[in-house]
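Novice: One structure coming up, written as structure tokens, with questions to follow.
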Amino acid sequence: KVNHGGVMPIIFASTLMLFPSMIVGGVADAFANSTGGWVAEVLLFLKDSFQGGAFPYVLIYVLLVFFFSYFWITVQFNPEDMSKQLKEHGSFIPGLRPGPRTAEYLTSVMERITYVGAGALALLAVLPTVVSSSMGIDFRVTQFIGGTGLLIVVSVSLDFLQRVEAALLMRNYEGFLGGDAEAPRIRGPRG
Numbered sequence: 002k003v004n005h006g007g008v009m010p011i012i013f014a015s016t017l018m019l020f021p022s023m024i025v026g027g028v029a030d031a032f033a034n035s036t037g038g039w040v041a042e043v044l045l046f047l048k049d050s051f052q053g054g055a056f057p058y059v060l061i062y063v064l065l066v067f068f069f070s071y072f073w074i075t076v077q078f079n080p081e082d083m084s085k086q087l088k089e090h091g092s093f094i095p096g097l098r099p100g101p102r103t104a105e106y107l108t109s110v111m112e113r114i115t116y117v118g119a120g121a122l123a124l125l126a127v128l129p130t131v132v133s134s135s136m137g138i139d140f141r142v143t144q145f146i147g148g149t150g151l152l153i154v155v156s157v158s159l160d161f162l163q164r165v166e167a168a169l170l171m172r173n174y175e176g177f178l179g180g181d182a183e184a185p186r187i188r189g190p191r192g
């Protein structure tokens, strides 16, 4: 799995990016209507900078996707536990001793894989903005049709297929272990 975090880093980053635009937008509108002056100009500049498609927005969005990709992997994947489980089950990675060396190796591999996956997620997250800017399409339309929704659909579909395959395999095992002998044997896509 190249992208262990799935779509969660994009969801976290986009949710977090809503707050500055809402807060600065509300304060900027209040200051622009009441006082004007340099404070209102600065707030309006910040409001424009945090609108979808603006360069500061895109830059911070990409950085947040990378941050949340690494954050999510540290929450979900523990190399020490994985190394311990491999050792307990008698498995090992060829060329490495079971234990701390395996954990170090898993950490280094996971960091590199996460970097590539975060880059792909960032590209997928920024793609609607690039399409919007280059083709003159409204930003909200490209966000709606963007790759994030496709990633969610594919992730949910793959998870569903894995669960169905596991259920089918359990049904085969029940027949094999003395369940209904006449039950049909259904094989999953992997055989």
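Residue numbers (the numbering used here): 2 to 192.
Ideal Cβ positions, reconstructed from N, Cα and C, are used throughout, including at glycine.
Answer yes or no: the CB of residue 68 versus the heavy atoms of the ligand MN, is any distance below 7 Å?
Specialist: Ligands in the displayed structure: none, and consequently the ligand MN is not present.
Novice: Enumerate in chain order the residues of its own chain whose CB-to-CB distance from residue 80 is below 6 Å, with the five nearest sequence positions on each side excluded.
Specialist: Working through the sequence shown from its first residue, we reach residue 80 at position 79. Correct list, in chain order: 104, 107, 108.
Novice: In the DSSP assignment, find the alpha helix (DSSP H) that holds residue 132 and state where it starts and stops.
Specialist: For the purposes of this step, residue 132 is taken as residue 131 along the sequence shown, with counting starting at 1. Residue 132 -> alpha helix (DSSP H) spans 101-136.
Novice: When burial is assigned at 16 or more other CB atoms within 10 Å of the CB, is residue 129 buried or exposed?
Specialist: Counting from one through the sequence shown, the residue named residue 129 turns up at place 128. So residue 129 ends up on the buried side.
Novice: Starting from the C-beta of residue 111, find all residues in its chain whose C-beta is less than 8 Å away, skip the five residues before and the five after it, and write them out in chain order.
Specialist: For the purposes of this step, residue 111 is taken as residue 110 along the sequence shown, with counting starting at 1. 5, 74, 78, 80.
Novice: Using a Cβ-Cβ cutoff of less than 8 Å, which residues in the same chain neighbour residue 115 once the five nearest sequence positions on both sides are dropped?
Specialist: Along the sequence shown, read from residue 1 onward, the residue named residue 115 stands at position 114. Answer for residue 115: 5, 6, 70, 71, 74, listed in chain order.
Novice: What's the call for residue 157, buried or exposed, on a 16-neighbour Cβ count within 10 Å?
Specialist: Residue 157 sits at position 156 when you count from the first residue of the sequence shown. So residue 157 ends up on the exposed side.
Novice: DSSP on residue 141, reduced to helix/strand/coil?
Specialist: Translated into the one-based positions of the sequence shown, residue 141 becomes position 140. Reduced to three states, the DSSP call for residue 141 is helix.
Novice: Measuring CA to CA, which of 118, 85, 135 is closest to residue 8?
Specialist: Indexing the sequence shown from 1 puts residue 8 at position 7. The shortest Cα separation from residue 8 among 118, 85, 135 belongs to 118.
Novice: Which first and last residues belong to the alpha helix (DSSP H) in which residue 84 is found?
Specialist: The count along the sequence shown starts at 1 and reaches residue 84 at position 83. It spans 80-89 - the alpha helix (DSSP H) in which residue 84 sits, taken as one unbroken run.
Novice: The alpha helix (DSSP H) spanning residue 41 covers which residue range?
Specialist: Indexing the sequence shown from 1 puts residue 41 at position 40. Segment 38-50, the alpha helix (DSSP H) holding residue 41.
Novice: DSSP three-state call for residue 158: helix, strand or coil?
Specialist: The residue you call residue 158 lines up with position 157 of the sequence shown. If DSSP states are grouped into helix, strand and coil, residue 158 belongs with the helices.
Novice: Alpha carbons only, please: which of 126, 68, 163 is nearest the one belonging to residue 150?
Specialist: As a first step, residue 150 must be located in the sequence shown, where it is residue number 149. Selected option, being the one with the closest Cα: 126.
Novice: Under three-state DSSP, which class holds residue 152?
Specialist: By 1-based counting over the sequence shown, the position of residue 152 is 151. It is helical.
Novice: Which whole-angstrom value is the C-beta distance of residue 10 and residue 122, which I expect to be below 8 Å?
Specialist: Start at 1 with the first residue of the sequence shown, and residue 10 comes out as number 9. Start at 1 with the first residue of the sequence shown, and residue 122 comes out as number 121. Confirmed, Cβ separation roughly 6 Å.
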